[in-house]
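Accompanying notes for the structure given below.
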Amino acid sequence: MSFVVTIDGPAGAGKSTTARAVAARLGLLYVDTGALYRAFALKARHAGIPIDDDAALERCGRALDLVLSGSAEAPRVWLEGVDVSEEIRTPAVSELSSRLAARPVVRRRLVEIQRALRARGPLIAEGRDLGTVVFPDAEVKIYLDADLATRALRRHRELARRGMIVPLDEVRGEIASRDERDRSRVDSPLAAAQDAVRLDTSGKTVDEQVAAVLEIVRAHPAFPDPAGRAGRDGLDD
Ligand code: DC
Numbered sequence: 001m002s003f004v005v006t007i008d009g010p011a012g013a014g015k016s017t018t019a020r021a022v023a024a025r026l027g028l029l030y031v032d033t034g035a036l037y038r039a040f041a042l043k044a045r046h047a048g049i050p051i052d053d054d055a056a057l058e059r060c061g062r063a064l065d066l067v068l069s070g071s072a073e074a075p076r077v078w079l080e081g082v083d084v085s086e087e088i089r090t091p092a093v094s095e096l097s098s099r100l101a102a103r104p105v106v107r108r109r110l111v112e113i114q115r116a117l118r119a120r121g122p123l124i125a126e127g128r129d130l131g132t133v134v135f136p137d138a139e140v141k142i143y144l145d146a147d148l149a150t151r152a153l154r155r156h157r158e159l160a161r162r163g164m165i166v167p168l169d170e171v172r173g174e175i176a177s178r179d180e181r182d183r184s185r186v187d188s189p190l191a192a193a194q195d196a197v198r199l200d201t202s203g204k205t206v207d208e209q210v211a212a213v214l215e216i217v218r219a220h221p222a223f224p225d226p227a228g229r230a231g232r233d234g235l236d237d
């Protein structure tokens, strides 16, 4: 079984930024599991499937043609041959993905897809239930958190970078209610695994976050160093 690093935590905790940088530095496959939930939501929305129609959601999941491609620096998400990397980031899709993520029929299918990715080699995956449910035997588990004000500001800026100007208050309300839903659902709620290392990223720079995670991963005795670079290319921290 491949070496796995999981990063879980609420929206805006810095999971994607950190996981992508660590993946690039260590030569790990980067897996954004939130993108899978978002792409599922987009497909369900296009098909007009009601949120509680489990039979239709199951059919939707079975026919899901979803591909994660690109690099850790520039990951892309393809749904039925169309690049939906930007379309899945709208606030409406965020909200729907969180609602659908509470449906066991949706989770079952997406967990299956996530576990199959392990065959591709050492990976770093980020989401909500990776250390608890998807990869309970992961070698390294991290739980990232930050206070709500910090997380809202980060998400607000990320949306602006993507050309979506959403008032900060609205973003704060959106992520607070999404986190509450993700934490309180019955199936695979957002939670830190008991054996996860907890890091609070409030007030930390991206470089500090990345350095902290790199140190934890490299210190693991089973770390395969797939990029073969530790101590050799001057990129070490
Ligand atoms: O990480 P994100 O904000 O892109 O995730 C979007 C939604 O998908 C999130 O609100 C909850 C759901 N999700 C999940 O339930 N489990 C995961 N492993 C990843 C995401």
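Residues in the sequence shown are numbered from 1 upward in steps of one, following UniProt numbering. Glycine residues also receive a C-beta, built at the ideal position from the N, C-alpha and C atoms.
Within its own chain, the residues whose Cβ lies closer than 8 Å to the Cβ of LEU214, once the five positions on either side in sequence are excluded, are VAL22, ARG25, LEU26, ASP237, listed in chain order. With fewer than 16 other Cβ atoms from the protein chains shown falling within 10 Å of its own Cβ, PRO167 counts as exposed. Beyond the five residues adjoining it in sequence on each side, ILE216 comes within less than 8 Å, by CB distance, of VAL140, ILE142, VAL197 in the same chain, given in chain order.
Taking the C-beta atoms as reference points, GLN194 is found no nearer than 9 Å to GLY14.
Taking 9 Å as the cut-off, the beta carbon of THR6 is found closer than this to the beta carbon of LEU130.
Contact between SER98 and ASP32 is ruled out by a C-beta separation of about 15 Å, above the 8 Å threshold. The DSSP-derived three-state label of LYS141 is strand. For PHE40, the closest alpha carbon among the candidates ALA72, ARG108, TYR30, SER71 is that of ARG108. For THR132, the closest alpha carbon among the candidates ALA192, VAL111, ILE51, LEU153 is that of ALA192.
Under DSSP, ARG128 forms no beta bridge with any residue. Note on ARG151: 16 or more other CB atoms within 10 angstroms of its CB, so buried under the neighbour-count rule. Rounded to whole angstroms, the separation of the alpha carbons of ARG118 and ALA222 is 16 Å.
If you draw a straight line from the Cα of SER16 to the Cα of GLU126, it is about 7 Å long. Minimum Cα-Cα distance from ILE175 among the listed residues SER184, ARG155, LEU190, ARG161 corresponds to ARG155. Note on geometry: alpha-carbon atoms of LEU42 and ASP53 lie some 15 Å from one another. In the structure shown, PRO104 adopts helical secondary structure according to DSSP, grouped into three states. Going by DSSP, LEU214 is part of the alpha helix (DSSP H) stretching over 206-219.
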